[in-house]
Every structure is written in structure tokens, then in C-alpha cells.
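Below: one structure, written as C-alpha cells.
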Amino acid sequence: MKQLIENTFPCQTGKCIEIRNESKFWIDEHPEKVEFGQIPKKSFVLLQTNDDLLFTVLNPTQKEITFLAIDEGVFQGTIEYSDGRCDFALFDDRRFCFVENKNVNLKHRRQERLSAFDQLKETILKFKEKLDFGNYQVEAQVSFKASQIYPRQRSSNQNKVVEFEDELNVALFENNNIEF
Numbered sequence: 001m002k003q004l005i006e007n008t009f010p011c012q013t014g015k016c017i018e019i020r021n022e023s024k025f026w027i028d029e030h031p032e033k034v035e036f037g038q039i040p041k042k043s044f045v046l047l048q049t050n051d052d053l054l055f056t057v058l059n060p061t062q063k064e065i066t067f068l069a070i071d072e073g074v075f076q077g078t079i080e081y082s083d084g085r086c087d088f089a090l091f092d093d094r095r096f097c098f099v100e101n102k103n104v105n106l107k108h109r110r111q112e113r114l115s116a117f118d119q120l121k122e123t124i125l126k127f128k129e130k131l132d133f134g135n136y137q138v139e140a141q142v143s144f145k146a147s148q149i150y151p152r153q154r155s156s157n158q159n160k161v162v163e164f165e166d167e168l169n170v171a172l173f174e175n176n177n178i179e180f
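Going by the UniProt record's numbering, the sequence shown runs without a break in its numbering and finishes at 180.
Structural data, given as C-alpha cells:
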């Protein structure tokens, strides 16, 4: 799948795709104001951090997991992909998970959750137009950078989740980590 993605969605900004096999690593995003050589809003892998609020990838068997920077990575500033795009994806030989990170306060969480659903949906549809996920369990995940997860079981949110899953045939989660 890695080679197919590289051929289908060429990286616009340098290091967009990398294979990791550490038992634990984190994903962060460059801020809007960056140092020379960094790309604003592009996701990247960290092997060490003191920030326990970052998206965490757990890999207890240390198998190969591929990280793919999507926003400002393979979809960098192009008109074709300006409608919406998630931040990154992670995949192994069976699972492919699209992730949208949000760093918001509780007041704006509902609005940002809906925005994340749209960004994930647009990205998944664009990928499905060009790639066959036949042998993959495709998932989507919204991650809020927060000290605690505040699950919202509102019926409107549940309806949106069901609608998302039915339309795309993709499971949708809200969490700050993933385990492969």
C-alpha cells in the first residue's frame, strides 16, 4: 500500500510517509508559525515527548506501521483537495486509520467535531476514488488534544457517527490514541 500511495499521491513537501516500528510514538503538528524548514500545520512523528496530550500510537508487537502526513503533506495547498482533508493516516497490513486532530476548548468542541467529521469524510472519499481498500479495515478517528476525553453521547452526535459509518462503510472513533 505504501508504494501505491507514493505513486498515487506524490509527496508535495518532503517527508510525508515513513515506516515506524517503535513500541510507542507520538504524532504532533507544526504550529502556524514555524522555524525554517518546517511546514505549518503538517503532522510529524515524535519518538520522545514530555507532552502527554499528543496523539499516541501504541505498537506492543513492534510491527511496521506506516505514517502518512495528509494535510500539508500529500495534499499540500492544492485546489483539488481544498474542500477538506484530515491531518494524517496510519496503517499496517490490515488496518488503515485516517485521523483528524483538534486542539480546542470545551466550548467549541461540538463545532470542531462536526468539522472533523467533514474533513475525514472528504479525505476518505478522495482516497477511495484512487485506491482499493478491499483487504483493509478502514477506520477514522477524531482526536481532541485535551487532558481528558469527554465522551459525548448526545443523540445528534450519535446520529452523525451512524450516518458517517453507513455512508462510508468506515468505523468512526474519538480517542487520543490507537493501538496496532
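Glycine included, every Cβ here is placed at the ideal spot set by N, Cα and C.
How would you write the range of the alpha helix (DSSP H) that residue i sits in, first residue to last?
i: F9; result: Looking at the DSSP string, F9 is not in any alpha helix (DSSP H), and its letter there is neither H nor E.
What do you get for residue i, buried or exposed, if any count of 16 or more other CB atoms within 10 angstroms of its CB means buried?
i: L120; result: buried
i: D87; result: buried
i: L4; result: exposed
i: L58; result: exposed
i: F67; result: buried
i: T61; result: exposed
i: K102; result: buried
i: F173; result: exposed
i: L125; result: exposed
i: E139; result: buried
i: L54; result: buried
i: G134; result: exposed
i: V170; result: buried
i: L90; result: buried
i: I19; result: exposed
i: V74; result: buried
Taking the alpha-carbon of residue i as reference, which of the options has the nearest alpha-carbon?
i: L115; options: N21, F133, E72, V142; result: The question names Leu, but residue 115 is Ser in the sequence shown. It is V142 whose Cα lies nearest to the Cα of S115.
i: C72; options: Q48, L125, E100; result: For clarity, residue 72 is Glu in the given sequence; the question names Cys instead. Measuring from the Cα of E72, the nearest candidate turns out to be E100.
i: N176; options: I19, C97, K63; result: C97
i: T56; options: E163, S23, E122, I124; result: S23
i: I178; options: N159, R95, F127, Q111; result: R95
i: R109; options: F144, W26, V170, K41; result: F144
i: E122; options: K107, E167, K102, N159; result: E167
i: C16; options: M1, K42, T8; result: K42
i: T8; options: Q158, G84, D132, E29; result: D132
i: A69; options: E29, N135, T49; result: E29
i: D118; options: V104, K107, K160; result: K160
i: Q48; options: W26, V162, E64; result: W26
i: Q76; options: K63, E129, P10, K107; result: P10
i: E112; options: E64, D93, G84, Y136; result: G84
i: I65; options: D93, Q158, E163, E165; result: D93
Looking at the secondary structure, which residues open and close the beta strand (DSSP E) in which residue i lies?
i: R110; result: From DSSP, R110 is part of no beta strand (DSSP E) but of the alpha helix (DSSP H) over 109–130.
i: D28; result: 24–29
i: Q48; result: Counting along the chain, Q48 falls outside any beta strand (DSSP E), and DSSP gives it neither H nor E.
i: L172; result: 171–174
i: R20; result: 17–20
i: L53; result: Premise fails: L53 is in no beta strand (DSSP E) and is neither H nor E.
DSSP has residue i in a bridge; who is on the other side?
i: K102; result: F144
i: E179; result: L58
i: L90; result: F67, C97
i: Q137; result: R95
i: F75; result: D71
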